[in-house]
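In this text, residue positions in the sequence shown follow my numbering: the first is 31, and each later residue adds one.
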Amino acid sequence: MTTNALITGWGMYAPSHVMTNDDLAKLVDTNDEWIVTRTGIRERRIAADDETTTMLSVNAARDALAVAGLDPAELDLVIVATCTPDYPLPATSVLVASELGATRAAGFDLQAACSGFLYGLASGTSFVRSGMYRNVLVIGVEILSRFLDWSDRSTCVLFGDGAGAVLLQASDQPGGMLGFDLFSDGGGCEAIIVPAGGSINPASHATVDARQHTIKMLGSEVYKYATRQMGESALAALRSAGMTVDDVDQFVFHQANLRIIHSVQKQFGIPDEKTFVNIEKYGNTSAASVPMALVEAIASDRVKPGDRILMVAFGAGYTAGGAVIEWTADPSRALLAPGSQTRLGEPQRTLADAAV
Ligand SMILES: CC(C)(COP(=O)(O)OP(=O)(O)OC[C@H]1O[C@@H](n2cnc3c(N)ncnc32)[C@H](O)[C@@H]1OP(=O)(O)O)[C@@H](O)C(=O)NCCC(=O)NCCS
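1) Nearest to residue 327 by alpha carbon, out of 349, 284 and 264?
2) Return helix, strand or coil for residue 82, following the three-state DSSP convention.
3) Could you check which residue in 291, 336, 298 and 335 has the C-alpha nearest to that of residue 314?
4) Report the partner residues of residue 129 according to the DSSP bridge assignment.
5) With DSSP collapsed to three states, give me the class of residue 257.
6) Less than 8 Å separating the Cβ of residue 289 from some heavy atom of ligand 1?
7) Does the distance from the C-beta atom of residue 82 to that of residue 178 stay below 9 Å?
8) Is residue 282 near ligand 1, in the sense that its beta carbon is under 8 Å from a heavy atom of that ligand?
9) Buried or exposed for residue 93, please, with buried defined as at least 16 other CB atoms from any protein chain shown within 10 angstroms of its CB.
10) Does DSSP put residue 246 in a helix, a strand or coil?
11) Under the assumption that residue 353 contacts residue 341 (Cβ atoms under 8 Å), give the Cβ distance between them as a whole number of angstroms.
12) Find out if the Cβ-Cβ distance for the pair residue 323, residue 333 is shorter than 9 Å.
13) Sort out for me which residues DSSP pairs residue 199 with in a bridge.
14) So the candidates are 34, 318 and 195; which of them puts its Cα closest to the Cα of residue 189?
15) With DSSP collapsed to three states, give me the class of residue 384.
16) Looking at residue 180 and ligand 1, is the gap between the Cβ and the nearest heavy atom below 8 Å?
17) Skipping 5 residues on each side, what residues in its chain have a beta carbon closer than 7 Å to that of residue 124?
18) Given this structure, state the Cα-to-Cα distance separating residue 153 from residue 355, to the nearest angstrom.
19) Could you name each continuous alpha helix (DSSP H) segment of 4 residues or more that falls completely within the region 299–344, going from the start of the chain to the end?
20) Go ahead and pull the three-state DSSP assignment for residue 379.
21) With DSSP collapsed to three states, give me the class of residue 149.
22) Less than 9 Å between CB atoms is the rule here; does residue 256 satisfy it with respect to chain C?
23) Runs of 3 residues minimum, wholly inside the region 199–236: which ones carry the beta strand (DSSP E) assignment?
24) Mind checking which residues open and close the alpha helix (DSSP H) that includes residue 140?
25) Assess, as a yes-or-no matter, whether the region 69–76 is touched by the region 111–129 under the definition of 3 or more beta carbon pairs within less than 8 Å.
26) Alpha carbons only, please: which of 48, 158 and 96 is nearest the one belonging to residue 199?
27) CA-CA distance, residue 43 and residue 349?
28) So what does residue 49 bridge to, in DSSP terms?
29) Suppose you measure from the CA of residue 87 to the CA of residue 194; what does that come to, to the nearest Å?
30) Just to confirm, does residue 316 get its C-beta within under 8 Å of one of the non-hydrogen atoms of ligand 1?
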């Protein structure tokens, strides 16, 4: 009998502090009109000083577990996709598992930049399908605000903080991943990079002075590559599922730039009602972007059991990924989960609230 990996729980967390484009205009020479026209972003969430990547992850994960009704002690594996971990060492996933009370879970971090959640979904699905694990938590999370040069207007306006999580559970029912494609091209290394803090340029006074621990980006190069690669990854994932664009009920693209999303829509003739967008509220949250968009698509009644969802992401590396899933869970389960912010679709919960 085939074992499938079904998404049975989902959750997200966005820090309560909202930074608007007008707020940014007080820091750098920019304005709301420029940012909205070029990117579609109106505001983003910024983690409080005492919030950590682990905390954001745990908030999203608790909701995912509550929706599924799973005790954290039943988790077999926690995968955390992030490029902004709490520490270079140890892995954030291990801290998340401990905090959740996932006493017997294995944990590892996965770094594929903005494509990380889809790499995590493919990995988690493989662990379940192989029969090795039954309950796998996949989290996409970032605190990018700590890795931005707040004097560089070409990057600081684009990114935000947040977390999204899904629980994969083994099932003999049909559904889950129908096809996927993962891609990488190290030729893009210089196009989006944090140049220091790794083994090539270890931290030093000079690297700190030169702000080399923050994101540097060749915006227009990335834009061109992303526009092409998002389309190619979408097609590759569909091919792997034996499907065409017309078979898809909802598209959840990486929320990097509204113009990139529109360009992919135009390329394939995808209507707005099939394309979920929330970039205006969160900016580019990298590995958290796809799961946060998925969770909000579910909360906005865009998804019902039997629907085919195509998720596509693109990121630093370059990396890219596409995954087609057949949705099986009852979206109203989120309503039943006590304290779940997914039912509100408006993540305002603070850490103090979460601790109650
Ligand atoms: C960053 C991005 C929005 C810039 O848009 P663009 O249309 O390419 O703009 P350009 O970089 O050509 O800059 C145009 C002008 O705006 C200026 N500019 C850049 N950032 C600005 C800002 N925040 N506010 C006002 N002006 C800005 C530039 O200095 C440039 O001025 P100049 O013509 O006098 O030199 C766009 O390239 C992009 O979205 N790239 C992809 C980024 C991305 O998604 N990265 C993550 C991938 S996961």
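By construction, the Cβ of each residue, glycine as well, lies at the ideal position given by its N, Cα and C atoms. Owing to the predicted nature of the structure, the values given are computational and were not obtained by experimental measurement.
To lay it out plainly:
1) 284
2) coil
3) 291
4) In the DSSP output, where bridge partners are listed per residue, residue 129 has none listed.
5) helix
6) Proximity of the beta carbon of residue 289 to ligand 1 is indicated: a heavy atom of the ligand is located closer than 8 Å.
7) Contact annotation: residue 82 and residue 178 have beta-carbon atoms that are not nearer than 9 Å.
8) no
9) buried
10) Residue 246 falls in the strand class under three-state DSSP.
11) 5 Å
12) Not in contact: residue 323 and residue 333 (Cβ atoms no closer than 9 Å).
13) 36 and 165
14) Considering only alpha carbons, the answer is 318.
15) Annotation note: pLDDT 40 at residue 384 (below 50); position unreliable, coordinate value reported separately. Three-state result, residue 384: helix.
16) Answer for residue 180: no, Cβ out of range of ligand 1.
17) So the qualifying residues of the chain are 137.
18) 14 Å
19) 309–312 and 319–329
20) At residue 379, the pLDDT of 43 sits below 50, so the modelled position is not reliable; the number obtained from the coordinates is stated separately. Coil.
21) helix
22) In summary, chain C is missing from the structure at hand, where a single protein chain is found.
23) 206–214
24) Here residue 140 belongs to no alpha helix (DSSP H); instead the beta strand (DSSP E) covers 136–140.
25) In short, these stretches do not touch, since the Cβ pair count stays below three.
26) 158
27) 24 Å
28) Residue 49 has 74 as its beta-bridge partners, per DSSP.
29) 7 Å
30) yes
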